[in-house]
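Structure first, commentary second.
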Amino acid sequence: ADVNTAPKLSKNRKLRKSKKKSWRASNVEDVAEFLEDERRQIRTGGLVAEKTNETLFIVDTGTKAGDHGAEPKNRRSFRNRPLKCYSLLQPDPHSKVVRTQDKDNFQKGLRKQRIIDRLRTRLQSEVRVAAQKQRQKYVEERKVLQAQKKQLPEVDTDLWSGDMDDATGKVFKPPKKHGKKPSALKATVIPHPGASVNPSFEDHQDLLYRAHIKEELKAKNEKKLHNALEAKFPSKADAPNELTYLEEMSAGILDYSEDDEDEEPNDAPISVNPPVRREDRKTRKQRRVAKEQEDALIKRTKVNDIKRIENMVFRLPTLKSDINKTERKRKEKAVVKEKLKSLEPFKTKRLGKTKFEEPDLDLKLSTELVSSMREVQPEGHLLLDIYKSLQRRNVIEPRLRQKVKRTYKPKKFEKKGHKAIKL
């Protein structure tokens, strides 16, 4: 059977056109022609149904201007055409115009001026003006850079100073913090008005009060150190001796008596759990009541938890106030922190293991005040004040005077050349 031929069907059988098998039985040539025509239109410029009327139709407005004098060409007309050799005598339309020599009365500046005017009109556009400004700015910046390159460098270092490295011969650059002051405190501390030669009564009493407070603080620290060390150890009279040592070591030792020896050892096994009496056992009712109480406690706890969660909704104003309070505290802490940060440059830092201590106040008691400058006795020391000022301003660390302790005793001997001659 031929594949392309339609199958033989009964008269009453209907075909389903949705199946490919029944396509051979029905006539589909019109569909194939339509699809082929559509493909041809797509290849040749697009579907006609999608094009506009202007692209499909042309309105005939008459004949063209060049078609009025058109005559039919024949052999006689070709005989009357011009020869090609004469075309060489005609001027070439593509050739440039040869400039003629200027005459004696020709003004050379006019032609140049016309060119300048034409160029000037072209340069009047906004784009060209902006470009000209940009070029001018670039030229000026380039001149500045060239001038900076040609300028000799400024030498701030001294060649004869001691900042040069002897090994390499180069001048080393100190760090940036080298010239920065370590503290904002002033080098000279203004003394208290009460330390004057002739102070007022209020200023002198204020100075004495400050000195009194400082001495009390010293006494308090000494007492604290004494209580922590010396007070914890007994004195020589209360120190333990051999007799007290024996009494302490023999305390707690039992003396075996005769009654203890007569007692017989009890070898009965010891129970782990204590014995339970019959009266102590719980009845069934007591166990039931205890279980009911335990269940009621669990239920009551769950109900309280649910109520607490539900009441959280009504605590929104309280939570809002708590948040505002926390935010207010945070701002207050930030203000305090900023204030402490501003006071940081005026504090004395701890540069070593020894903490800086302010020196004692230079003062005179009320009985030591004199009325004449000749009788004034100096207080303090100038070099000590300068040394403490350097420590206060974090220039040097606080130091303590160290005692030199020899490990070995120096050996003494007498040289032979220094010996005395004995006759």
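This note's numbering numbers the first residue of the sequence shown as 27 and each following residue consecutively.
Ideal placement from N, C-alpha and C gives every residue a C-beta, glycine not left out.
Predicted model, so just to flag it, every value in this text is computed and none were measured.
What whole-angstrom Cβ distance do R419 and L211 have, given they're in contact under 8 angstroms?
So it is a contact: roughly 5 angstroms between Cβ atoms.
According to DSSP, is V54 part of a helix, a strand, or is it coil?
In the structure shown, V54 adopts coil according to DSSP, grouped into three states.
With a threshold of 8 angstroms, are at least 3 pairs of Cβ atoms found where one atom belongs to the segment 372 to 389 and the other to the segment 223 to 242?
Pairwise C-beta distances place the segment 372 to 389 in contact with the segment 223 to 242, as three or more of them are shorter than 8 angstroms.
Would the segment 373 to 381 and the segment 412 to 429 be scored as touching if the rule is three or more Cβ pairs under 8 angstroms?
Cβ pair count under 8 angstroms is three or more, so yes.
Label G72 either buried or exposed according to how many other C-beta atoms from any shown protein chain fall within 10 Å of its C-beta, with 16 as the threshold for buried.
The residue in question, G72, is exposed, as its Cβ has fewer than 16 Cβ neighbours within 10 Å.
Taking all protein chains shown into account, do 16 or more other C-beta atoms lie within 10 angstroms of the C-beta of Q417, making it buried, or fewer, making it exposed?
With 16 or more Cβ atoms within 10 Å of its Cβ, Q417 is classed as buried.
Nearest neighbour of V197, chosen from L145, N299 and V181 [CA to CA]
If we check each option's Cα against that of V197, V181 comes out closest.
Span separating the alpha-carbon of A316 from that of E353
In a straight line, the C-alpha of A316 is about 50 angstroms away from that of E353.
Could you name the residues of the same chain whose beta carbon sits closer than 7 angstroms to that of M399, not counting the 5 residues immediately before and after it, in chain order?
Excluding positions up to five away in sequence, the list reads V223.
With the cut-off set at 7 angstroms, would you say Q67 and V74 are in Cβ contact?
Yes.
Distance check for Q162 and Q172, CA to CA, integer angstroms please.
The alpha-carbon atoms of Q172 and Q162 are separated by roughly 15 angstroms.
Comparing alpha-carbon positions, which option in K249, D411 and E320 lies nearest E383?
Ranking K249, D411 and E320 by Cα distance to E383 puts D411 first.
Would you tell me roughly how many angstroms separate the C-alpha atoms of A213 and P371, rounded to the nearest one?
Distance between the alpha carbons of A213 and P371: 14 angstroms.
Whole angstroms is fine: what's the gap from E364's alpha carbon to S209's?
Straight-line Cα distance between these residues: approximately 18 angstroms.
Which two residues bound the contiguous alpha helix (DSSP H) that contains V153?
Here the alpha helix (DSSP H) through V153 covers E152 to K176.
Could you check if G205 is buried or exposed, using at least 16 other CB atoms within 10 Å of its CB as the buried criterion?
Per the 10 Å Cβ criterion, exposed.
Tell me the DSSP secondary structure of V124 in three-state form.
Coil at V124, not helix or strand.
Where V339 falls: helix, strand or coil (DSSP)
The answer is helix: DSSP assigns V339 an H, G or I state.
Under the three-state DSSP convention, the category V85 falls into:
Reduced to three states, the DSSP call for V85 is coil.
Once DSSP output is grouped into helix, strand and coil, what is the label at V197?
Looking at V197 - three-state DSSP - the assignment turns out to be strand.
For L233, which residues from the same chain have a beta carbon less than 7 angstroms from its beta carbon, with the 5 sequence-adjacent residues on both sides left out?
Exclusion of the five residues before and after L233 leaves H218, G220, A221, L387 and L389 as the residues of its chain whose Cβ lies within less than 7 angstroms of its Cβ.
Buried or exposed: H444, going by 16 or more other Cβ atoms within 10 Å of its Cβ?
Classification for H444: exposed.
Through-space distance from R310 to N299, alpha-carbon basis
Within the model, the alpha-carbon separation for N299 versus R310 is close to 23 angstroms.
Near P117, which residues of its chain fall below 8 angstroms by C-beta distance, leaving aside the five closest residues on each side in sequence?
Cβ neighbours of P117 beyond the five flanking positions: none.
Compare the C-alpha of I216 against each of S415, R427 and K429 and name the closest.
Selected option, being the one with the closest Cα: S415.
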